[in-house]
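Just so it is clear: in the sequence shown, position 54 is 190 by the working numbering, and no numbers are missing.
Every residue, glycine too, gets a C-beta built ideally from N, C-alpha and C.
Below is one structure; the comments refer to it alone.
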Amino acid sequence: MALALKQLIASYRSDLDSPFQKLRYQVRIKQGRTFDRISEKYGHHQVRGITAPTLLYWYKVSGSGGRTAAANEMIARLRALFKFGFTLLEDPECRRLAEILRQSRFRTQGPRFVQLTAEHGLDILALPTSGPIIINDVTGLPWSTTEFRRKWRLVAKEAGVPDVVKNRDSVPTGTIVGGPDQAPVSQRITLARIGQSLRRGRR
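Here is the structure:
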């Protein structure tokens, strides 16, 4: 029976043996949004009808307007999806697509060489640690990840922080100032590959 992409996505997200089930909750939420977008736009496609040009076209559409990160996120999710379909569902079409994506190379954003400095950190420490920016003064609950990111960018723009500096840059910066004992830092910020973050922070 022909397998539609949206059916494969549903199986990947619900199968108890799927790697998706082993992800942290917040990661599942983030990746789930990407799968929702893929399913909404391309879920009607039959897996057997997807080709290398199809994937390249999807990548270009997703990355239009400079949204390279979104396009790369989509490709990463498709790689995981087709690998699941090949290894656990034993679908030959998923094996074909997994091999196509394994051999394909897509443009990346490249490293960013502007990072948070010690002076930025001191300025941040001088700010209040409570108030509306920490807790939503309307709901009384912590901000959602998406909304906090949006608020952070508004504040950063007002403060003159360059657009190339991202909120997540505080993670590698924190690993640098955390000292030589990396284990407590890794546990605190739940980094599986702290060495990679350390390399980013040294750029």
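* Do you know offhand how far L277's Cα is from F284's? -> Reading the sequence shown from its first residue, position 141 is the one you call residue 277. Reading the sequence shown from its first residue, position 148 is the one you call residue 284. Their backbone Cα atoms lie some 12 Å apart in a straight line.
* **Distance between beta carbons of G199 and A207, contact taken as under 8 Å** => Stepping through the sequence shown from its first residue, residue 207 is reached at position 71. Stepping through the sequence shown from its first residue, residue 199 is reached at position 63. A207 to G199, Cβ: 3 Å. Contact.
* How about the region 140 to 156 and the region 218 to 226: do they share at least three Cβ pairs that are nearer than 8 Å? -> With a cut-off of 8 Å, the region 218 to 226 and the region 140 to 156 count as touching, because enough Cβ pairs lie within range.
* Cα-Cα separation, Y148 to F171 -> Numbered from 1 along the sequence shown, position 12 holds the residue referred to as residue 148. Numbered from 1 along the sequence shown, position 35 holds the residue referred to as residue 171. Annotation: Y148 to F171 spans about 10 Å, alpha carbon to alpha carbon.
* Asked: Which residues share a DSSP beta bridge with A140?
  -> Residue numbering aside, residue 140 sits at position 4 when the sequence shown is read from its first letter. Under DSSP, A140 shares a beta bridge with Q182.
* Tell whether a beta-carbon distance below 8 Å holds between L191 and I145. => Counting from 1 along the sequence shown, the entry for residue 191 is found at position 55. Counting from 1 along the sequence shown, the entry for residue 145 is found at position 9. No, these two residues do not count as a Cβ contact at 8 Å.
* To do: Tell me whether P298 sits in a helix, a strand or coil according to DSSP, three-state version.
  => Numbered from 1 along the sequence shown, position 162 holds the residue referred to as residue 298. Three-state DSSP puts P298 in coil, outside helix and strand.
* By how many angstroms is the C-alpha of L139 removed from the C-alpha of D299? -> For the purposes of this step, residue 299 is taken as residue 163 along the sequence shown, with counting starting at 1. For the purposes of this step, residue 139 is taken as residue 3 along the sequence shown, with counting starting at 1. The straight-line gap from Cα to Cα measures roughly 42 Å.
* Asked: In the DSSP assignment, what residue or residues form a beta bridge with P278?
  -> Here the question's residue 278 lines up with position 142 in the sequence shown. BP columns for P278 point to I271.
* Under a three-way DSSP split, which group does D172 fall into? -> The sequence position of residue 172 within the sequence shown is 36, counting from 1. When DSSP states are grouped into helix, strand and coil, D172 belongs to the helix group.
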